[in-house]
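Since the structure comes first, as structure tokens, the remarks are kept for the end.
Residue numbers (this note's numbering), protein chains in the order written: chain A, 14 to 256; chain V, 3 to 405.
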């Protein structure tokens, strides 16, 4: 479960002065549900998700993630969250297995549990052929799988995906989309940011349209279609943003 | 404070760094291969040059002396020099290394010598040139012998004792222990190298573990793990410290071996002057004491480098921040090697310079416990402050996500 209550994030910028990247954003995402954060570049998606993953601290407001407050218990929040974005790269000089082991250990898994988890995940994602290969020697698709294994190793109840398909080819993107769906089917709370309308239409149970740091509209796809009298999500998005 | 988490981060960083060619080169290859190669290589060249210079029979020229057949005949019999015919451009010949030295015998030398008239013999040589020095030295020894002989003959003729012109002798005695004598020559240089290598050993890992992570995009990956930022920075800091200390330890080891080999080589040539330069007695106690004194400095370097490199957006930017730091460290370390710079309470509080000075003293067998305690404590305080700053910087979003 994720509950964001009036999240605000202000930055100090040398040229622009104080910038409000996230402006009083509130939403709720239930377990077994995918919440899609839809917005253009610079809309505030990444900052919002980084706050939820406790990589950044909110300037105002707070969020409850898996029952923990992001302000009061950031470490506990992180231990329940799997965070995947295009910016979360791999350690090139570690092997696929060492990479996943490292994060498993940081999540406090004991060695027998860690070994079991890794064997299961590597089997499930068909990663056994390259488990001993260094990450910088892997193909993009293989790297994606290692990243997925890294987010799954501690079996988190909340999954946060920040534009996970950016820069990926069709096959690699399909793997990710399939993986996100699977997370929902296993009852995890999933939040997912993108600017690709088709991905939102395909995946999300509820949608939030974010622009200029503010959440302008929210609801299920059906709700939005009814409210704006339009079928195409892109048309709805443009109308919301232009309003 | 979770030691487990710090240990996990440290172990990963150690594996990661040992697979990084740049770190391995600066931490292992430079001290173990480059240092002995330089020391021994330089020693070999030096020994060969000195031996060649000694073995060469220098060409010398006699200017004048046509009216003094006695001295000329004696000079021509002189062993260890080759007399060449007189030419007017002797100075150019010396500069051009065709001859090594020339001696100008004043007119009527034999006659004046017999009559006891004063005169002056001039020896021409090229100052600073080893082989020219050897040539001039032989000529000078010849004339000194001749002068001494003449004095003795004159005293004997007048039946006067030798003490007439030599009422007393002056001798100089050294009370400093042998390691002090050698230490004064090279004592300052050893800690200087150790301090410098502590810095260079920490440089690459410090940049790789901070700016390198930013550049490769792994900083966000690690920040979304439950490890606290304090544990993360401490794990990284321990890795940088390991590299720094490993570089220093390996350098001391290879330096000890290199000096041992160098000393033996020079003893073979029986060159006392050159031998003395390398007569550095690196006792276990001195080496250990220097190491203990340098340890807080290694901590200071590691933490400071980590903090500075964290500011940078990329490896390249980190390099441009850290390169000037080399000068900041080298200058006080060099100042300690200069003669005349001595430890006092003010200098004992200046980082780098204090450790460099006290290490120099230790290498020469002197232990000023008051200064040692003061320097160790002040270095520890600076080191603790640097760690605190590095930890604090790791909590700052504007530093971690500076793009």
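C-beta: ideal position from N, C-alpha, C; glycine also. Small disclaimer: the values here were computed from a predicted structure and weren't measured.
Counted as a single uninterrupted DSSP element, the beta strand (DSSP E) harbouring residue 219/A occupies residues 219-224. Taking 8 Å as the cut-off, the Cβ atoms of residue 61/A and residue 20/A count as close. Residue 246/A and residue 144/A have their C-alpha atoms some 41 Å from each other. The Cβ of residue 120/A sits closer than 8 Å to at least one Cβ of chain V.
Exposed is the label assigned to residue 341/V, since fewer than 16 other Cβ atoms lie within 10 Å of its Cβ. DSSP, read as helix, strand or coil, puts residue 377/V in helix. Residues of the stretch 212-234 of chain V with a C-beta less than 7 Å from any C-beta of chain A: 218, 219, 220, 222, 223, 225, 226, 227, 228, 229, 230, listed in chain order. For residue 54/A, the number of other beta carbons within 10 angstroms of its own is below 16, and it is reported as exposed. Comparing C-alpha distances from residue 140/V to each of 152/V, 126/V, 153/V, 151/V shows the shortest one belongs to 126/V. At a cut-off of 8 Å, the C-beta of residue 14/V has a neighbouring C-beta in chain A.
Exclusion of the five residues before and after residue 252/V leaves 30, 33, 34 as the residues of its chain whose Cβ lies within less than 7 Å of its Cβ. Rounded to the nearest angstrom, the Cβ distance from residue 390/V to residue 358/V is 24 Å, too far for a contact under 8 Å. Using a C-beta cut-off of 8 Å, the stretch 192-207 of chain V makes contact with the stretch 231-248 of chain V, since at least three inter-stretch Cβ pairs fall below that distance.
When the beta-carbon positions are compared, residue 401/V and residue 312/V come within less than 8 Å of each other. Short of 8 Å from the beta carbon of residue 51/V, and not among the five residues preceding or following it, lie these beta carbons of its own chain, in chain order: 132.
Following the DSSP letters along the chain, one finds residue 196/A inside the alpha helix (DSSP H) bounded by residues 183-198. For residue 346/V, no chain A residue has a C-beta closer than 8 Å to its own C-beta; the minimum C-beta separation is roughly 45 Å. By the criterion of a C-beta distance shorter than 8 Å, residue 223/A is surrounded in its chain by 38, 50, 51, 52, 56, 57, 58, 61, 229, once the five residues flanking it on both sides are discounted. A Cβ-Cβ distance of about 5 Å is found for the pair residue 73/V and residue 111/V, placing them in contact under the 8 Å criterion. Nearest to residue 318/V by C-alpha distance, out of 46/V, 363/V, 21/V, 215/V, is 215/V. The beta carbon of residue 91/A sits closer than 8 Å to some beta carbon of chain V. If you check the CB distance, residue 89/V and residue 63/V come in under 8 Å. In this model, residue 331/V and residue 109/A are separated by some 40 Å (Cα to Cα). When secondary structure is reduced to three states using DSSP, residue 7/V falls in the helix class. Residue 197/V sits close to residue 296/V, with the two beta carbons spaced by under 8 Å. For residue 75/A, the uninterrupted beta strand (DSSP E) segment begins and ends at 73-78. Scanning the stretch 69-138 of chain A for uninterrupted beta strand (DSSP E) segments of 3 residues or longer gives 73-78, 94-98, listed from N- to C-terminal end. The alpha carbon of residue 171/A has as its nearest neighbour, out of 197/A, 201/A, 133/A, 26/A, the alpha carbon of 201/A. Counted as a single uninterrupted DSSP element, the stretch harbouring residue 206/V is not any beta strand (DSSP E) but the alpha helix (DSSP H) occupying residues 191-211. Residues of the stretch 114-143 of chain A that bring their beta carbon within less than 7 Å of a beta carbon in chain V comprise 115, 116, 118, 119, 120, in sequence order.
Between the alpha carbons of residue 345/V and residue 356/V lies a distance of about 7 Å. In this chain, the alpha helix (DSSP H) harbouring residue 156/A covers 153-165.
Using a Cβ-Cβ cut-off of 8 Å, residue 240/A does not count as an interface residue toward chain V, since no Cβ of chain V sits closer than that to its own.
Within the stretch 20-38 of chain V, the residues whose Cβ lies closer than 8 Å to some Cβ of chain A are 21, 22, listed in chain order.
Proximity of residue 69/A to chain V, defined by a Cβ-Cβ separation below 8 Å, is satisfied. Going by beta carbons, residue 107/A and residue 18/V fall inside the 8 Å limit.
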